[in-house]
Each structure stands twice: as C-alpha cells, then as structure tokens.
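Working notes for the structure below.
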Amino acid sequence: MHTELLRFTTAGSVDDGKSTLIGRLLYDSKAIHQDQYEAIEKSSKRRGEEEVNLALLTDGLKAEREQGITIDVAYRYFSTPKRKFIIADTPGHIQYTRNMVTGASTANVALILMDARKGMLEQTRRHAIIASLLQIPHLLVCINKMDLVDYSEEVYEKLRDEFEAFAAKLDVKDVSYIPISALKGDNVVHRSENMSWYEGPTLIYYLENVHIASDYNFIDCRFPVQLVIRPNTDEFHDYRGYAGRVAGGIFKKGDEVMLLPSGFSSKIEAIDTYDGEVEEAYPPMSVVIRLENELDLSRGDMIVRPNNVPEVTQDLDLMICWFDNKPLRLRGKYIIQHTTRTARCLVKEIRYKMDINTLHRNLDDREIKMNDVARISLRTTQPLFVDPYSRNRITGSVILIDEATHQTVAAGMVI
Amino acid sequence: MYQLDHLKELEAESIFVIREVAAQFENPVLMFSGGKDSILMLYLARKAFYPARLPFPLLHVDTGHNFPETIAFRDELVEKWKLRLIVASVQDAIDRGLVHEERGIHASRNGLQTAVLLEAIEKHGFDAALGGGRRDEEKARAKERFFSHRDEFGQWDPKNQRPELWNLFNAKKQVGEHFRVFPISNWTELDVWQYLHREQVPLPSLYFAHERPCIKRNGVLLADSEYLQKKPEETPATYKVRFRTIGDMTCTGAVLSEADTLEKVIEEIATTRITERGARADDKRSETSMEDRKKEGYF
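Sequences listed follow chains L and H, in order.
Using this note's numbering, read the first sequence as starting at 1 and increasing by one per residue.
Using this note's numbering, read the second sequence as starting at 1001 and increasing by one per residue.
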C-alpha cells in the first residue's frame, strides 16, 4: 500500500458552486457518512431549504451556519485508493484574503472555480494571484456550470484563452483546465457524456495523478534544528543528536556539513529514527542527525552543505499579507519567526501596496491594513538563514507577531 | 523515489508538532484517555524524542465511569514505558463540591471533565496540553488549529483564532493562558487504524468484537453497567459489539460488529457509513454541542 498525500486549496462562496463541488467529491468518494448526511438534511429542512444544503457540511461554526457563509479555513479529508486528499476550504471574499493565504500556504494544488456563464471575475483573478504569490506549484482551473451553457466547447475555449492570457502575467508554472458541472457531476468523478469534445482528464483523475513528488526542494540541503536530544541514560550516556524536519535537499550519512551561524564544519555520523538508522533523509522527514564532533549547536541553528548555503542576513525584503486589525507600523517592532528561529525585527520601509485584483503596484498608498498585500523591508536583531520563497517555501517564509497582543499579524515571503 | 507514503508523511508532521511543543513551552502535558487516539499520540511522542524519554507527563481526567479495561490498559502502559501519570479525578471533584453530578436518565460525567481538566492545568501550571483531537471527527474540530490558544479562563474563541501558515507555530501567550495542541489534526479515523496496524501497536480489547450486555436507547447501544441509570422497561440483552471510540461507559455507544482483529476493524471502517462520533450520546445533545463544549475548555 503506497498512497501519497495531496493538499489542495479552494476558495469561493456558495454561489460559485464551491460547496457543491466539495460536497460531490466527498459524497462520491464516500467520505460523507450517513449520520452526517442525515444531520445536514435535518438542518436544511429546519431552515426551510428545499434541497440538502451541502454547504452545511463545510460550514462548521455556529456563526457560519447562521449567516450562511464560510469565514474560516476548514479542513476536509477524503481518499481514493491512490491518494489521500486534504482540502483547505477557504472563503473567497476579499475581506477574508488572510484566510485564503493561510489555506494556500501548504497546498500542492490550487483549485480555481470559474462560472462558465460569468467568465473571469475579480474573484477568479484574486484567487489566481494569491496562488501565484504563495507559489502553489499547480493551478487547476475548473470551468464550472457547463450544463448552463449547453456544454459548449466554444465557451470553454474562450474562457480558457482568457485565463491563459491573464496567467501569463503571473508566476505560475503549471496550469490545467477542466470543464465540469459540479451539480450534474460532469467530469468530476465520472467522464462527461455531454462533452465528448473534451479529451483531458476528469477532476479526480487529475488530483490522483498530478505529479507532486518534486514539489519539495531536493537540491539545497537545509536542516533547521528543533531541539537537542540528550537522553542522559546509562544506555545512551554520551548520545547527542539534533532533532528536526528536513526543509530541503537530501542528507546522507557521511556527508560533510556546515553549521550556521557558527560556520563550523562537521560530518554526519548517523541519521536516527525510532525505527532505526536511515541512510538518507529528505523533506518532509522528521529525523535526528548525529555529528562526528561535539559542537555548539542548538534550536534555531541550521545544518547545511558547505558548498550550498542559504543567505545569512539581517535585512529582509518581503512580500507580506497583513492579518491584523491594527495597520502595519512603519519603524514598528515585531517578533519574527523563521523556521525554528525567533528574533525581533524593525519595519524599515514600506515599498508599495499591491492590488490583488489587478497586480497594480500602488506607491502612494502605504497604509497597510488587514488583508492588504505589500512589499516591505525589515531589519532583524539576529541573522536569519533564508532562501527566496520561490526556491524553498519552508526556508523562504516568515510570520510576524505583535509583541503586545501576541497575535500573528503577517505572513511574509522572502523575495 | 524520494516520496513518503501518506502515513509516513502524517507521522513526520505529528512528530514535528510534538517536538515544537517541547521546544516552545516550559511545562507541557499529554492528555491521555486510554482511547486509540491518545495511544497513537503517546506512541508518536515516544518516537519524537527517542532515544530520550518522554519529556512530559500524562494527564488522565478520570470520570470514575471508565471501562475497567481502559484503566487496566493505561496502568500497564505506564508501567511498561516508565511514564509519569497524573490522574485528575472527577469523583474527587464532586466530593469536594467543585462540580455537581448531573441527574436523570441521561446523566453523564462528560461535561464535568472540563472543570476538572482546567483545574488540573492551573494546579500543575501546564502551559500546553497535547490532545488527540482530529479535524475529521466533528465540524467544530475541522476549524481547529494545531496550536490552539486558550485565554486565562481556558476558553476557546473560534472566531478569533490565530492564522496558522506553513509550519510556523506561534506559541506566544500571556501568563495564565495556555495552549491546546493537536498533533494528529490531519489524520482520519482510517489513517489512525491503518497506522496502528502497520506499527503493531497494542490496543485495549474494547476495540474488538466481543459479547456484552447492552441496552438500546435512541438507536444507540450502551454498555450495561452500575453507572448507567436505566428506565424500568430497559432490560439488557447480549450483543456482539465493539467500540469505535472509548469514553465514559454512560455515553459511549457500541456498534454491532464481528470485527475481532485489526484487519477486520479496518475493513469495517473502510466501508461504514456512520462516523465514529455518530454513536456518542454527548455529541447528540445539539447541533453545536461540540463547539459549545470546546469554547468552555473541553478537550
């Protein structure tokens, strides 16, 4: 049994068929259970709705059910014999940009829904821009409600060309298109008999087969140390190992390594796990690395290869998405978390604000409020070991935390 | 090919989260109920720190209405793996007047656990409590974070949760506040069973089909015991059952089953049409009973 894990994100409101699509994926893959179905059937009736409202499955909080909207990210699970899927289901409205960014941060695939009757809307563009900003490796555009445009090939091609022209301006590598009807089930799990002109895969076939094995960085070796393992028992008296999760590259037993920030070099003596030693470790494995000589190395430090080091810097250029009620303060101080390292930072410059509907850079409006995306510069109290976000999503990402309220106020991507 | 299968990837993610707890908190505790999810948690935590010992104790909120099999299993594990166990007793809290026993036919000590848990967290000064909650269990849990902040009253504010991005966990808090941490958030019931099977983890006998006297109430089979208040017309009959979750004897429903091995249990779960909490009387109290309990500080 070898099933892979694929994480994908969706964004949208009830109208564009997002909930219907998720409901169909869950229902057709038997992830919705009878008691869950009965519970939402009962709720739908009580609310005076004619059909079973599948949105009630995804909208979990009392406030969401009362208002009939998705506010927060909800995680959904289903699986087929080939893969296990985690859906980060997020709202689509501009006021919830921060939730979309959250859902997108760990996704392999962004599923973008487009209404065949309406074509490219502001919301479609926004979702695509967020997907490109967060460097989701694969973009899947589902042109939905094909049943309402007579399953027209012409409509599909027009919308596909329109999106393609727009995507050319974005930093996205892999875009695919599927014409579907979530309501009727065309090309979701079963191949549509109404669109014989379409020769591509169904949605589920795409999700089961899209190549995700190289979504991690397997080139640049990065091992942020989480903690030091020192058993202090008779059996493991002199044992000292560095626990962490591989953030990039492939570490092998016997490899020459360099330690940051000290710059000292050493050799990997062994890579340990509870289930025994392993010859090599790669993302996203959690392991314990032992080195040949005893060196000063602790949480927040990083093990890398001598000929391939990240940038060691106190000056960061970031694209950020702002999350907090209170606007970003120029010259303000925040806590910054990067891999396992925590420091403080000062906001040196706000370069521009980006309109996430048009990609327009606004150099005049520098008031960064909740849900805004902006380019800024920071100075940190300690050096961080960073890679560009486009090269490594783990070593290229940071969060900012308010020193007084402890709220997570921004997500940042290293440029 | 450099690709982990889904169980290995889930394991790696959980171990990462458990290690973050040890690194970012001063005084964490692992909540242990004796159920399969907390057994999995304990197993993953041992893997996370191997070859060092578990750097934190276990906390069992004991309602006094546990299945005897659960307690026996717990004590055996504690002995075998040389763990530190703290028991917070609901019976003791009732005797002291901290909480009052529910009355009537549906009486359950489930809700009383919240106050007892919060008291234990405060008394021992725990700043993080690791739990085995999963997002696929229940709709309020689908919105839960890995690192879930609790205010000084132990309350959860679902509408004002910290955004959680990538694998960066914000554990900053004021004095008196604490966190609940859910390392197995992304596991489904089937993942748990497949993993326990693959790793050959020993489990309490309650999870496998056995003969047991039960009564049927509102479509739920409840184990007959001295703790269960029965109506005069409710007479126990013997059924072949197993439990999909293990909680209090008074509110944990059994399911009819012939699955007496792990393989058969997995087969049964893969084809079942009812969620595991579908047999939990505590979740059937209202549409939002889990959200309401969680806001107050439930597991």
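All C-beta atoms, glycine included, are put in the ideal place defined by N, C-alpha and C.
These numbers come from a predicted model, not from an experiment.
- Look at L:Ile112 here: in three-state DSSP terms it is strand.
- From the beta-carbon of H:His1178, no residue of chain L is found nearer than 9 Å; the closest lies around 13 Å away.
- Per DSSP, the unbroken alpha helix (DSSP H) holding L:Asn99 starts and ends at 97-104.
- At least one CB atom of chain L sits nearer than 9 Å to the CB of H:Arg1046.
- Inter-segment contact for the stretch 156-169 of chain L and the stretch 23-36 of chain L is absent: fewer than three beta-carbon pairs are separated by less than 8 Å.
- DSSP assignment within the stretch 1183-1252 of chain H yields the following whole beta strand (DSSP E) runs of 3 residues or more, N-terminal first: 1210-1217, 1220-1223, 1237-1243.
- In this structure, L:Ala410 is the residue among L:Asp272, L:Thr340, L:Tyr389, L:Ala410 with its C-alpha nearest to the C-alpha of L:Tyr334.
- Judged by beta-carbon spacing, H:Leu1083 lies within the 9 Å limit of H:Pro1057, meaning their Cβ atoms are closer than that value.
- Distance from the Cα of H:Thr1188 is smallest, within the candidate group H:Glu1226, H:Pro1204, H:Gly1132, for H:Gly1132.
- Per the DSSP secondary-structure output, L:Lys84 pairs in a beta bridge with L:Leu5, L:Ser79.
- The stretch 1089-1105 of chain H and the stretch 1024-1037 of chain H do not touch, with fewer than three beta-carbon pairs separated by less than 8 Å.
- In the three-state reduction of the DSSP assignment, L:Gly241 falls in the strand class, which pools E and B.
- Under the 9 Å criterion on CB atoms, L:Phe323 is classed as interfacial with respect to chain H.
- Looking at the backbone, the Cα of L:Lys252 and that of L:Ala128 are separated by about 38 Å.
- Linking L:Val73 to H:Ser1148 through their CA atoms gives a straight-line distance of about 14 Å.
- Under the three-state reduction of DSSP, L:Asp324 is assigned to coil, being neither helix nor strand.
- Excluding the 5 residues flanking it on each side, L:Asn392 has same chain C-beta neighbours closer than 6 Å at Asn217, Gly248, in chain order.
- With contacts defined by Cβ atoms closer than 9 Å, L:Leu121 and L:Lys145 do not form a contacting pair.
- The way I'd put it, the stretch 204-216 of chain L does touch the stretch 102-115 of chain L; three or more beta-carbon pairs between them come closer than 8 Å.
- The three-state secondary structure of H:His1060, taken from DSSP, is strand.
- DSSP places L:Val73 outside any beta strand (DSSP E), giving it a letter other than H or E.
- In this structure, the straight-line span from the alpha carbon of L:Ile130 to that of L:Cys321 is close to 10 Å.
- The three-state reading of DSSP puts L:Thr339 in coil, since its state is none of H, G, I, E or B.
- According to the DSSP secondary-structure assignment, L:Thr10 is paired through a beta bridge with L:Asp89, L:Leu111.
- The C-alpha of L:Leu5 is placed about 23 Å away from the C-alpha of L:Glu279.
- For L:Asn144, the secondary structure class from DSSP, reduced to helix, strand or coil, is strand.
- Legend: CB atoms of the stretch 1011-1035 of chain H lying less than 8 Å from CB atoms of chain L belong to residues Glu1011, Ala1012, Glu1013, Ile1015, Phe1016, Arg1019, Glu1020, Ala1022, Ala1023.
- Out of H:Tyr1207, H:Asp1292, H:Ser1014, the CA that lies nearest to the CA of H:Ile1184 is found in H:Ser1014.
- Contact note: L:Ala74 reaches chain H through Arg1135, Lys1139, Ala1142, Lys1143, using a C-beta cutoff of 9 Å and chain order.
- For L:Phe223, the enclosing beta strand (DSSP E) stretches over residues 222-229.
- Per DSSP, H:His1006 is one residue of the alpha helix (DSSP H) stretching across 1006-1024.
- Listed in chain order, the beta strand (DSSP E) elements of length 3 or more contained wholly in the stretch 164-193 of chain L are 174-179.
- Taken in chain order, the complete beta strand (DSSP E) segments of 3 residues or longer contained in the stretch 342-401 of chain L are 373-386, 397-401.
- Of all residues in the stretch 403-414 of chain L, only His406, Gln407, Thr408, Ala411 come within less than 7 Å of chain H when Cβ atoms are compared, listed by chain position.
- Across the set H:Asn1027, H:Lys1036, H:Ile1071, H:Asp1075, the C-alpha of H:Asn1027 shows the shortest separation from the C-alpha of H:Pro1055.
- For L:Val287, the closest C-alpha among the options L:Phe223, L:Pro327, L:Leu328, L:Pro137 is that of L:Phe223.
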